[in-house]
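Residue numbers (our numbering): 36 to 190.
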Amino acid sequence: MVLNPHLNESCCGCSVETGSKIIAWISVISQPFSIISLFVQYSQIKDGKNFIHKESVLAGIMGKLVLSIIYLIFDILLIIGIYKRRPSFILAWIILGLFGIIIAGIFFIILAFAEPFVLIPGAIVLAIGYYFLLVVNGHYTNLKSSQAGTSSYGG
């Protein structure tokens, strides 16, 4: 999978491998906080008596919780893929991330009709997410090409 443009460096002159490691660790560290926050929200709303549309809000929180757990699993796969030099693990994270950016983009566009102020923060979130994908994809591409150049099938 190739995303354009192909990056050879991430921000501050770091290699895309170092940038990928930073992105992976930030993701793995931040996901548990998101999961804990969702559990807290769930318990507060579940115990609340005067909450309108309680069931639909609880279902939305549970959906976000499932997605956060899936993202945590893929973030762990990214770390394993980077450190063990397993491109398929990195590719799985890239595909999930690309899917997430597309869904988030659609969500922000729909939400912007009701709340126009979300356009700028939404665009910033999508741009950062796409940049993260470009950095990780740069490392993935470099790793694939280095493995293709060093692999031999002869005996």
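Cβ atoms here follow ideal geometry from the backbone N, Cα and C, with glycine treated the same way.
Query                                                                                                                                                                     : Result
For a quick check, are the C-beta atoms of residue 120 and residue 178 less than 8 angstroms apart?                                                                       : yes
Would the segment 103 to 111 and the segment 63 to 77 be scored as touching if the rule is three or more Cβ pairs under 8 angstroms?                                      : yes
Is the segment 135 to 147 touching the segment 155 to 173 in the sense that three or more CB pairs, one from each, lie closer than 8 angstroms?                           : yes
Around the Cβ of residue 81, are there at least 16 other Cβ atoms within 10 angstroms (buried) or fewer (exposed)?                                                        : exposed
Can you pull the DSSP bridge partners for residue 180?                                                                                                                    : DSSP output for residue 180 lists no bridge partner at all.
Return helix, strand or coil for residue 45, following the three-state DSSP convention.                                                                                   : coil
How about residue 55 and residue 170: are their beta carbons less than 8 angstroms apart?                                                                                 : yes
Using a Cβ-Cβ cut-off of 8 angstroms (strictly less than) and excluding sequence neighbours within five positions of residue 60, which residues of its own chain qualify? : 114
Measuring alpha carbon to alpha carbon, tell me which residue in 166, 122, 76 and 117 is nearest residue 100.                                                             : 76
Anyone know if the C-beta pair for residue 87 and residue 73 falls short of 8 angstroms?                                                                                  : no
If you run the structure through DSSP and keep just helix, strand and coil, what is residue 87?                                                                           : coil
Where residue 188 and residue 181 are concerned, what is the direct C-alpha to C-alpha distance, given to the nearest angstrom?                                           : Low local confidence applies: a pLDDT of 47 at residue 188 is under 50, so the model's placement there is unreliable, and no value is given.
For residue 187, which three-state DSSP category applies?                                                                                                                 : Reliability fails at residue 187, whose pLDDT of 47 lies under 50, so the model's placement of it is uncertain and the value that follows must be treated cautiously. Coil at residue 187, not helix or strand.
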